[in-house]
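Worksheet: the structure to be examined is printed underneath.
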Amino acid sequence: MRLQMFIPIISSSVASPILSGNHARYELLPFITLEEHWVSPAILSVNDTNPVLAYTQSRSPSFLATLQDLGVDRLASMSNGGIDIQVVSIAVAPGALSNASIARASNDQLAAAIAASPENPSRFRAWAFLPMAFPDEAAQELERAVRELGFVGALVDNRLDNGTFYDGAAYGVFWSKAQDLGVPIYIHPTVPPDGASVFAINQGRFAPSGADPADPETYSYALTTAAALATGAWGWHSDVGLHFLRLYAAGVFDAFPRLKIVLGHMGEDVPFMLERADGILSPPNVELGRAGLLEVYARNVWITTSGFFSLNTMATVLRNTAIDRIMYSVDYPYSSNARGRQFMEGLRNSTLVSESEWFAIARGNAEKLLKL
């Protein structure tokens, strides 16, 4: 089943610009958000053994219910957050990346859930989930999801559960297909392979006073702290940034110069390391006639704000990232739509961007990239 296509209209929810003095002002303006998650029945059937994933999934039964919902509760949260359209991705278990049938079933289930959503199914778009352990099958499923289901591209876990990134020669068929289809690939953080880095952190703390060296639990970090350091507080963001740099160093963007890559969470550390990495990585590539890192970043990369609701961070990003490459996102339900709206209101009231630039970040850039 193909998703109903959305045609922008001038209405109470999508307003035309009103010129006031030298500033473009917009009336009520819904947002488009691009990193918003849902879990499929097929994914829930996977018996994944990753200990960090098991820990995070055990946090709250109500959270899982929120993750499964594409109905009235999600729509209400979207409306309260000023969100017109969510681009929904499938929250995955790393073990499912090597199961093509689970990927196909999950995409079909997401398409069906969107079609059955109350009020207005056109308030949702979808990213495909792909079996990235098998590049040929990932390419085939990407094409099916785009052409048959109407999906806008794919959101892929940063690497396989064995630590494999997608910079090897075997992935050429996948990147070629993404370029030919003209759809973006959103690279998303994933849990550490087998939880190894979490438990390495967990065992590395200095023993506090009175600790028993024979009892690791008296000198280890709490699992919540170790998991945070390896994932959302630091580790998995820099891991995605490393993946992008590996794709650059491997020549992926020279082989496929029209690739469209989306990096969430304010660029997954890349904007903050960009000039440093360029100064080290680019010269040998440029000498060989290849593109420099700054060129690739400007040509092939879009970033979203997902879960990073800081004007200080945004101010830094704006110094080396073009306005038309920055898109608002929330990371729902891991982050709050209401908090995201507060961030966007703060950005609008700041001096960081003009009104037209704010509109581009809020909605316009996503419309253009995803051809909405």
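Residue numbering for the sequence shown follows my numbering, beginning at 1482 and increasing consecutively. In this text, a Cβ means the ideal position worked out from N, Cα and C, and glycines have one as well.
Beyond the five residues adjoining it in sequence on each side, residue 1663 comes within less than 8 Å, by CB distance, of 1739, 1741 in the same chain, given in chain order.
A distance below 6 Å between beta-carbons, with the five flanking residues on each side excluded, links residue 1513 to the following residues of its chain, in chain order: 1566, 1844, 1847. For residue 1589, the enclosing alpha helix (DSSP H) covers residues 1581 to 1596. Between residue 1564 and residue 1591, the C-beta gap is not smaller than 8 Å, which leaves the two residues out of contact.
Residue burial is scored here from C-beta neighbours: residue 1798 has at least 16 other C-beta atoms within 10 angstroms and is therefore classed as buried. The three-state reading of DSSP puts residue 1647 in coil, since its state is none of H, G, I, E or B. Contiguous alpha helix (DSSP H) elements confined to the segment 1699 to 1743 occur at 1704 to 1711, 1716 to 1730, 1733 to 1736, taking only those with 4 or more residues.
Leaving aside the five residues that flank residue 1812 on each side, the residues in its chain whose CB is nearer than 8 Å to its CB run, in chain order, 1516, 1517, 1518, 1745, 1746, 1787, 1788. Below 8 Å, too few C-beta pairs join the segment 1607 to 1614 and the segment 1713 to 1724 to call them touching: fewer than three.
One alpha carbon belongs to residue 1834, the other to residue 1556, and they sit about 29 Å apart.
Secondary structure at residue 1609: strand, using DSSP grouped into helix, strand and coil.
Annotation: the continuous alpha helix (DSSP H) that includes residue 1799 extends over 1792 to 1799.
Assigned with DSSP and collapsed to three states, residue 1635 falls in strand. In this chain, the alpha helix (DSSP H) harbouring residue 1622 covers 1616 to 1628.
For residue 1526, the closest of 1586, 1806, 1625 by C-alpha to C-alpha distance is 1586. Put simply, the segment 1571 to 1581 touches the segment 1629 to 1648. At least three CB pairs are less than 8 Å apart.
When Cβ pairs closer than 8 Å are counted between the two stretches, the segment 1656 to 1672 is seen to touch the segment 1709 to 1717, the count reaching three or more.
Per DSSP, reduced to three states, the secondary structure at residue 1810 is coil, with no helix or strand assignment. A distance below 8 Å separates the beta carbons of residue 1647 and residue 1655. Excluding five sequence positions before and after residue 1839, the CB atoms of its chain that fall closer than 7 Å to its own CB belong to 1828, 1829, given in chain order. Only residues of its own chain outside the window of five on either side were considered, and among them 1818 have a CB closer than 6 Å to the CB of residue 1558, listed in chain order. Nearest neighbour of residue 1816 by Cα position, chosen from 1759, 1621, 1544, 1717, turns out to be 1544. In the three-state reduction of the DSSP assignment, residue 1517 falls in the strand class, which pools E and B.
A buried status is given to residue 1520, since no fewer than 16 other beta-carbon atoms sit within 10 Å of its beta-carbon. At the C-beta level, residue 1778 and residue 1755 come within 8 Å of one another. For residue 1775, same chain residues with a beta-carbon under 6 Å away, outside a window of 5 residues either side, are 1759 in chain order. Leaving aside the five residues that flank residue 1569 on each side, the residues in its chain whose CB is nearer than 6 Å to its CB run, in chain order, 1517, 1519, 1605, 1607.
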